[in-house]
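Residue numbers (this note's numbering): 6 to 74.
Report on the structure given below.
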């Protein structure tokens, strides 16, 4: 058996600057700035995509119900 001791301050105290925006989704379709950047990149390669057409998900399983609902 390997013995270990917790490091001082490791997961013991909260970060100095905390913000709920780091852990919550402000919009159900994803971050507006990220959607705008992705739409701009799509436009650069010839796809006519607006930020409203882009939806950010955590994976393909999460995206399926939104696509076929």
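Beta carbons: idealized from backbone N, C-alpha and C, even for Gly.
- For residue 46 and residue 36, the gap between their C-alpha atoms comes out near 16 Å.
- Residue 40 sits buried, since 16 or more C-beta atoms from the chains shown fall within 10 Å of its C-beta.
- Secondary structure at residue 40: helix, using DSSP grouped into helix, strand and coil.
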